[in-house]
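Chains as they are written, first to last, in our numbering: chain A, 241 to 546; chain B, 280 to 646; chain C, 245 to 624. First up is the structure itself, then whatever we jot down about it.
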Amino acid sequence: MEDLGWWGVVLAVLAGAIRVSTPFLFVSLGELLTEKSGRINLGLEGTLVMGAMSGYAISYLTGSPWLGVLVAGVAGALFGMLHAAICSLPRVNDIAVGIALMLLGTGLAFFLGKAFIQPQAPILPAIDFGWWSDVPQVRAALQINVLFVIGLLLAPFLLWVLTNTRWGLIVRTVGDSADAARAMGYSVDLVRLAATMAGGFLAGIGGSFLSLYYPGSWNEGLSSGQGLMAVALVIFARWHPIRCLGAALLFGGAGALGPALQSVGVSQGYYLFNAAPYVLTLVIMIATCSPTRTLAGAPGELSITK
Amino acid sequence: MVDQIARLPRTASPLFPGFSLDSVRRGAEAILIPVGALLATAIVFGLFVAAAGADPLETYSLMYRGAFGTWFSWQNTLQRTAPLLLTALCVALPAKLGLVIIGGEGALVMGGLVSAAVGAALIGVPPWLLLGLMAMAGMAAGGAWIALAGALRQFRGVNETISSLLLAYIAIALMNHMVEGPLRDPASLNKPSTPPLGEANMIGSIPGLDVHWGLVFGLIACLAAYVLMQRTTFGFGARMVGGNVRAARMAGLSVTTLSMITCFLAGASAGLAGMVEVAAVHGSAKASLVAGYGYTGILIAFIARQNPLAVIPVALMFGGIAASGGLLQRRLDLPDATILVLQGIAFVMILASDTLYGRFRIFQPRG
Amino acid sequence: MKGHHGISRRTALGLLAGTAAGTALPGALSGGSPFPSALAAKNLTVGFIYVGPRDDFGYNQAHAEAAAILRKMSGVKVVEEEKVAETSDVQKTMESMISLDDATLVFPTSFGYFDPHMLKVAQKYPDIEFRHCGGMFKAGVHPANTGSYFGYIDEGQYLNGIAAGHATKSKKLGFVAAKPIPQVLRNINAFTLGARSVDPTITTQVIFTGDWSMPVKEAEATNGLVNAGVDVITCHVDSPKVVVETSERRGIYTCGYHANQAPLAPKGYLTGAEWNWITVYKDFVEKTKAGEKPGQFVRGGMKDGFIKTSAYGPAVSPESKAASEAVKAKMMAGDFPIFAGPIRTNAGKEIIAAGQSYGQTDMWLEGMDWLTEGVIGSTS
């Protein structure tokens with residue numbers, strides 16, 4: 241292989257963005273959908289870990305990674321259902337319920353996942369998009385998983401659904417004003433249940449990407465807070481699916497920055513490089529927020545922006 | 280958010296407990312509903328361990344033995360309770376103003392790091408002075424960390440829940456960087472850490488107990504926080520902001536001052552927890568400071584319904600659960616995650632039970 | 245560990261133990277009570293404490309496998325606890341094993357358990373024997389009922405290096421490491437020296453992930469190394485599973501670490517440096533049962549059976565095997581110093597002069613803070 245030098249870093253960050261961003265993408269699109277209905281689910285970390293575990297377990301037990309992905313999504317939807325059901329009770333705080341389900345999801349996944357740390361499950365295949373290139377690094381970077389492609393298509397699709405369809409309108413109405421939605425005859429709880437379940441489904445799939453594609457095995461340290469960051473990513477993206485895609489790619493690329501810089505000899509301060517995505521998010525939030533108005537795009541009913 | 284949080288303290292505890300029948304009814308409600316939720320937890324968790332192949336009764340009896348069954352177990356529980364009291368306050372205090380802070384871990388880590396740096400720099404001064412300065416430095420650092428989240432909220436409108444979480448990640452990265460870089464003791468070979476304080480400068484145990492003084496600091500802080508929030512003008516103002524920001528402004532309260540001070544105090548208590556970890560347990564700052572106490576504090580504060588006094592029994596319960604976890608692993612071969620599951624179920628049940636307040640006629644004031 | 249952990253700490257701890265009631269009672273009886281050892285002769289309870297999950301294909305698994313063998317010995321009861329944090333939690337876990345499970349021999353296996361946690365608990369329970377994995381026990385400085393054991397796994401990494409040196413075509417090797425601490429640096433250096441004994445133009449690129457278990461970072465580091473042209477990778481993180489699996493998927497060779505990862509990479513696995521802790525634990529347990537004091541500063545390598553290598557994978561050539569076996573034979577005979585001069589650091593400084601050499605037991609090696617020539621990376 242030829243040495244690409246600093247171009248290697250750029251390529252590594254781009255490749256890293258593709259490899260690492262998928263869980264961020266799914267989990268943030270899921271969170272976005274939930275938040276559009278006016279509820280925040282802080283528990284997607286638990287959902288993601290549960291998805292990672294159940295997807296791996298099912299893939300191992302049945303030999304079908306795609307079945308694993310599906311089950312991960314279903315497990316995520318069940319967690320979403322639990323979240324929505326508890327939050328629909330009067331006087332229950334959605335942020336706290338999210339934290340509770342984060343704990344429960346992680347705990348259950350660790351408990352049930354003990355038996356699956358050791359075995360090797362079949363993992364998802366990659367599609368070779370780099371056949372045209374002679375540079376091995378490029379070819380490696382373009383070994384892309386179908387889930388990433390689905391995520392890539394999902395972002396504009398979600399935008400279209402939210403802006404152009406009746407379903408999207410209902411979700412947004414419920415999210416902006418529960419009273420208006422009720423006046424129009426929609427069941428606020430039912431809409432939020434559906435949106436939270438769909439959000440959980442996506443987060444579960446995001447988790448299955450971790451265990452079934454990259455890094456591609458189940459263990460208890462698998463998630464480094466991708467689910468927890470979903471809420472920040474959605475604010476970062478200002479509740480816009482396409483910007484979610486950008487934010488996820490940015491986070492993925494930033495995650496690849498530390499190892500990539502070391503591979504060209506910049507070996508100091510890797511902890512600081514590893515913290516880059518968090519600093520970046522904070523800086524962007526500081527730059528774009530305002531004390532006098534709520535964020536553009538923020539659903540009116542959302543507890544954290546009220 | 281503001282509305283939802285603000286409801287908690289009002290229903291959780293009467294502002295001025297007296298001995299009227301109504302306050303007894305309210306008190307009974309505030310105790311019986313959580314107890315009911317915990318009983319429901321016990322049933323669900325019992326079914327869970329039974330499904331996992333363990334005997335629920337044996338599990339509970341072992342948990343009791345591991346948490347409170349012997350004098351040693353009590354001390355084990357109390358030791359684990361100590362840091363949780365302080366990190367729970369980091370959530371409970373800002374909640375009075377309607378702020379949801381979930382980055383207590385970051386304040387703890389910053390408190391630990393800065394106090395260890397101060398301790399290492401000033402080694403040689405008398406231990407009492409050194410510890411005093413370390414405590415002040417740790418509290419200032421932790422306080423500043425959460426006050427930063429508060430300030431971003433006040434002046435830039437940045438959501439404090441998210442910013443405190445991001446700040447926690449940043450604090451941990453900063454600590455790792457400092458401990459393995461500029462502040463590293465060259466003699467700390469395989470476990471990079473700041474220079475050790477030395478045994479003479481460490482906080483010892485409470486006489487007669489094998490529990491360090493952090494427990495006492497935590498209890499005092501909880502009592503002080505309760506008095507501050509329920510018995511002073513400051514606390515009244517803070518709760519008024521939590522109830523209705525606009526009304527508080529019209530009443531001439533400085534929302535900014537109140538939230539900044541409260542956030543600082545919240546961060547200071549987590550920072551103190553970090554300082555105690557350094558000065559009573561580790562003897563230096565190192566990666567082991569990141570032990571999740573900040574995150575457990577969130578649970579405790581919410582289960583205690585953000586009441587600083589209620590934090591004490593809830594933290595004790597979590598300390599006990601943690602203390603019993605080892606016995607479950609060793610005797611029943613249950614995985615370590617068993618107690619995570621229990622905590623998760625308990626948390627969900629208690630939160631869901633919030634909806635029951637005011638639902639039972641028997642608890643309602645008459646006349 | 246060093247000077248200022250001296251007398252003052254011991255006396256202060258003694259005072260602390262004296263003031264503590266109840267559980268500290270044994271502290272008043274100064275050692276040598278015949279009762280516990282008489283009891284131990286019949287049935288010995290041994291406590292194992294792990295920092296991570298027992299089945300991690302790595303560090304913790306290596307210890308747990310040995311514990312599982314001990315479990316089958318007659319008259320031995322093993323109690324285990326996993327995922328115990330390096331905080332006061334581990335102190336309480338040790339005490340809990342002692343006071344609730346009657347453990348009289350305790351093995352806290354993670355490096356961070358040593359100071360202050362194990363030292364503190366050992367002061368309180370002078371009749372209980374504590375043996376720590378990896379710590380720098382110093383007689384006279386640390387409590388008399390403590391000790392430490394460790395293996396010269398750099399010998400395994402040197403042999404890994406030889407296998408890697410023969411297998412590489414690009415002459416570039418990769419090392420995914422957690423943190424730049426002496427134990428890790430020693431492995432990186434031994435691996436590189438082994439490879440450069442085959443071909444002195446070989447280089448090893450190091451990437452530090454920053455922590456012991458970071459699956460996504462480990463996968464990224466592996467990919468980054470492969471993209472930089474590396475074609476053999478080894479690692480020093482708690483669980484090598486991700487590194488080995490990712491390398492296999494990228495079609496390059498790997499050398500294992502901690503435990504046997506051959507099943508994870510049937511094509512590319514060359515060999516691996518494995519712990520063989522049962523040798524140490526069995527000795528400790530047998531000595532204790534016989535009423536003797538188990539060793540307090542126990543170190544050993546290939547020769548002593550503390551370390552073993554994985555069986556060679558299909559990609560290892562006959563001449564590579566011959567070269568490895570020749571060195572292994574010298575190691576078994578005890579006359580193969582890995583760190584023999586001349587060795588220069590990768591900053592160009594001569595660190596070991598020609599003709600000078602450090603035997604494995606040399607304490608200087610346990611404080612290693614440099615990287616040898618041929619390593620691309622830095623220690624901070």
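Glycine is no exception: its CB is placed at the ideal position from the N, C-alpha and C atoms. Here the structure is a predicted model, which means the values were calculated and not measured.
A straight-line Cα-Cα distance of about 29 Å links P474/B and F583/C. From the listed residues S299/A, Y426/A, A317/A, the smallest Cα separation to V309/A is found for S299/A. If you ignore the 5 residues before and after P517/A, its C-beta comes within less than 7 Å of the C-beta of F491, A494, G495, all in its own chain and listed in chain order. The alpha-carbon of L606/B is positioned some 7 Å away from that of L341/B. Per the Cβ contact rule, the stretch 254 to 266 of chain A is not in contact with the stretch 406 to 419 of chain A (fewer than 3 Cβ pairs under 8 Å).
DSSP places D464/B in no alpha helix (DSSP H); its state is neither H nor E.
The shortest C-alpha to C-alpha distance from S340/C to any of T356/B, L595/B, Y448/B, E384/B is the one to T356/B. Taking CB atoms only, A496/A has a neighbour in chain C less than 7 Å away. In this structure, the CA atom of A331/B is about 26 Å from the CA atom of T289/C. If you keep only unbroken alpha helix (DSSP H) runs of at least 4 residues inside the stretch 462 to 499 of chain C, you get 485 to 494.
Sixteen is the threshold: since fewer than 16 other Cβ atoms of the shown chains lie within 10 Å of the Cβ of S427/A, the residue is exposed. Cβ contact annotation for A321/B (same chain, cutoff 8 Å, sequence separation greater than five): Y339, in chain order.
Distances from the alpha-carbon of G347/A to those of M290/A, P396/A, G270/A, T413/A put M290/A closest. Remark: C-beta atoms of G440/A and L273/A do not approach each other more closely than 7 Å. Here A465/C is not near T448/C, since their CB atoms are 7 Å or more apart.
For M290/A, the closest Cβ of chain B is not nearer than 7 Å. Within the same chain, and ignoring the five residues on either side of L494/B in sequence, the residues whose Cβ sits closer than 7 Å to its Cβ are L357, T360, A361, I485. Using a CB distance below 7 Å, the part of the stretch 606 to 627 of chain B facing chain C consists of L606, Q608, R609, D615, ordered along the chain. In this model, Y574/B and M342/A are separated by some 11 Å (Cα to Cα). Residue contact check for L468/B against chain C: a CB pair falls below 7 Å. Beta-bridge partners assigned by DSSP to R588/C: E594/C. Each residue's CA atom was taken as its position, placing D300/C and L376/B some 45 Å apart. Considering only beta carbons, the part of the stretch 310 to 334 of chain C lying closer than 9 Å to chain B consists of V323, E324, E325, E326, K327, V328, A329, E330, T331, S332, D333, in chain order. Residue pairing of W519/C in beta bridges, as defined by DSSP: I551/C. Judged by beta-carbon spacing, V322/C lies within the 7 Å limit of R315/C, meaning their Cβ atoms are closer than that value. Excluding five sequence positions before and after V471/A, the CB atoms of its chain that fall closer than 7 Å to its own CB belong to E271, I280, L282, given in chain order. It is roughly 17 Å from the alpha-carbon of A315/A to the alpha-carbon of I339/A. With respect to the 7 Å criterion, Q377/A and A366/A are not classified as neighbours on the basis of their beta carbons. If only complete runs of 4 or more residues are kept, the stretch 472 to 512 of chain B shows the alpha helix (DSSP H) at 493 to 510, in order along the chain.
Pairing I372/C with I342/C gives a Cβ-Cβ distance under 7 Å. Leaving aside the five residues that flank Q433/B on each side, the residues in its chain whose CB is nearer than 8 Å to its CB run, in chain order, V534, T535, S538, M539.
Taking a contact to require three or more Cβ pairs closer than 8 Å, the stretch 364 to 384 of chain B and the stretch 542 to 558 of chain B qualify as touching.
Not flagged as an interface residue toward chain C: A331/B, since no C-beta distance is shorter than 7 Å. By the Cβ rule, the stretch 303 to 316 of chain B counts as touching the stretch 627 to 638 of chain B, because three or more pairs are nearer than 8 Å. Under DSSP, Q360/A shares a beta bridge with no residue. DSSP lists D368/A as the bridge partner or partners of Q383/A.
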